[in-house]
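Visitor: Please see the structure below; I have some questions.
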Amino acid sequence: MILDLLRLLLFPTLMAFAASSDLLTMTISNRVSLLLIAGFFVLAVATGMGLTEIGLHVAAGATVLMLSFTCFAMGWIGGGDAKVAAASSLWFGFGFLLPYLLIASVFGGILTLLLLQFRQWPLPATLYSQSWLTRLHSNDSGIPYGIALALAALLVYPETDWIGAVDLARFALH
Numbered sequence: 760m761i762l763d764l765l766r767l768l769l770f771p772t773l774m775a776f777a778a779s780s781d782l783l784t785m786t787i788s789n790r791v792s793l794l795l796i797a798g799f800f801v802l803a804v805a806t807g808m809g810l811t812e813i814g815l816h817v818a819a820g821a822t823v824l825m826l827s828f829t830c831f832a833m834g835w836i837g838g839g840d841a842k843v844a845a846a847s848s849l850w851f852g853f854g855f856l857l858p859y860l861l862i863a864s865v866f867g868g869i870l871t872l873l874l875l876q877f878r879q880w881p882l883p884a885t886l887y888s889q890s891w892l893t894r895l896h897s898n899d900s901g902i903p904y905g906i907a908l909a910l911a912a913l914l915v916y917p918e919t920d921w922i923g924a925v926d927l928a929r930f931a932l933h
């Protein structure tokens, strides 16, 4: 039961936290990425994932780490976004990596276009007291790509073996 609750809640909660943190502060704490990594290894071992499969998941995460840090070096995404992308990819492995990255890219593009449009409009004076909103509205600010990563993760995660292994009937209200 505890393992099932962890499968259902740990990853989605951490991704939702990453998204809200990125929206409100334009930063994602390293703790989120470290918790994603630690949570993956704890659940992988606790659920009996084989070493070969764990290695393939690690390879998927490492691949995304290299790609995302290239994007970071080019100034396209933030460092927190790069780390969360890699840590979350660890959970998906190669089996779900492509759908995750494609959906995140689409959401990231939509988010970018929406924010660029939002930044063209004047911010009402009554909203200037909201520091997160003024930061988001600023042309000097980046794009909180953690939102796109989290949305994509929350769409793809239910399709993975992590959720497929959970007996959801046990959690149904009778």
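Take the sequence shown: its letters are residues 760 to 933, numbered as in the numbering used here.
Virtual Cβ for every residue (Gly too), placed ideally from N, Cα, C.
Note that this is a predicted model, so its numbers are computed, not measured.
Look at the Cβ atom of D840, then the Cβ atom of G923, and state whether they are nearer than 7 Å.
Guide: For the purposes of this step, residue 840 is identified with residue 81 of the sequence shown, where counting begins at 1. For the purposes of this step, residue 923 is identified with residue 164 of the sequence shown, where counting begins at 1. No.
Visitor: Across the stretch 864-881 and the stretch 807-823, are there enough close Cβ pairs to call them in contact, namely three or more that are closer than 8 Å?
Guide: Taking 8 Å as the limit for Cβ pairs, the verdict is that the stretch 807-823 does not touch the stretch 864-881.
Visitor: In three-state DSSP terms, what is S792?
Guide: Within the sequence shown, residue 792 is the residue found at index 33, counting from 1. Note: S792 maps to helix in three-state DSSP.
Visitor: According to DSSP, is V915 helix, strand or coil?
Guide: The count along the sequence shown starts at 1 and reaches residue 915 at position 156. V915 falls in the helix class under three-state DSSP.
Visitor: Is the Cβ-Cβ distance between G866 and L910 less than 7 Å?
Guide: Locating residue 866 in the sequence shown gives position 107, where the first residue counts as 1. Locating residue 910 in the sequence shown gives position 151, where the first residue counts as 1. Here residue 866 is Phe; the residue named in the question, Gly, does not match the sequence. In this structure, L910 lies closer than 7 Å to F866 by Cβ.
Visitor: Determine the direct distance from the alpha carbon of G837 to that of A803, and round the result to whole angstroms.
Guide: Counting from one through the sequence shown, the residue named residue 803 turns up at place 44. Counting from one through the sequence shown, the residue named residue 837 turns up at place 78. One C-alpha to the other measures close to 28 Å.
Visitor: Check whether the Cβ atoms of G798 and L769 lie closer than 7 Å to each other.
Guide: For this step, residue 798 is matched to residue 39 along the sequence shown. For this step, residue 769 is matched to residue 10 along the sequence shown. Result yes, Cβ atoms of G798 and L769 sit closer than 7 Å.
Visitor: Helix, strand or coil: how does DSSP classify P903 here?
Guide: Taking the first residue of the sequence shown as position 1, residue 903 is located at position 144. Coil, per DSSP.
Visitor: Rounded to the nearest angstrom, what separates L913 and M774 at their Cα positions?
Guide: Along the sequence shown, read from residue 1 onward, the residue named residue 913 stands at position 154. Along the sequence shown, read from residue 1 onward, the residue named residue 774 stands at position 15. Roughly 8 Å separates the two Cα atoms.
Visitor: Quick test of your reading: V817 and A845, contact by CB under 8 Å. State the CB separation rounded to the nearest angstrom.
Guide: Your numbering for residue 817 matches position 58 in the sequence shown. Your numbering for residue 845 matches position 86 in the sequence shown. Incorrect: roughly 10 Å between the Cβ atoms, too far for contact.
Visitor: Kindly indicate the opening and closing residues of the alpha helix (DSSP H) around Y887.
Guide: The residue labelled residue 887 in the question sits at position 128 within the sequence shown. Note, Y887: premise wrong, no alpha helix (DSSP H); not H, not E.
Visitor: Can you say whether V801 is buried or exposed, counting buried as having 16 or more other CB atoms within 10 angstroms of its CB?
Guide: As a working note, residue 801 is residue 42 in the sequence shown. It is exposed - the Cβ of V801 has fewer than 16 other Cβ atoms within 10 Å.
Visitor: Please name the residue in I862, A863, S792, W891 whose C-alpha comes closest to that of T772.
Guide: Here residue 772 corresponds to residue number 13 of the sequence shown, with the count starting at 1. It is S792.
Visitor: Determine the DSSP secondary structure at P858, reduced to helix, strand or coil.
Guide: Residue numbering aside, residue 858 sits at position 99 when the sequence shown is read from its first letter. Here P858 sits in helix by DSSP.
Visitor: Helix, strand or coil, according to DSSP, for D926 in the structure here?
Guide: On the sequence shown, position 167 is the one that residue 926 refers to. In the structure shown, D926 sits in coil (DSSP, three-state: anything other than H, G, I, E or B).
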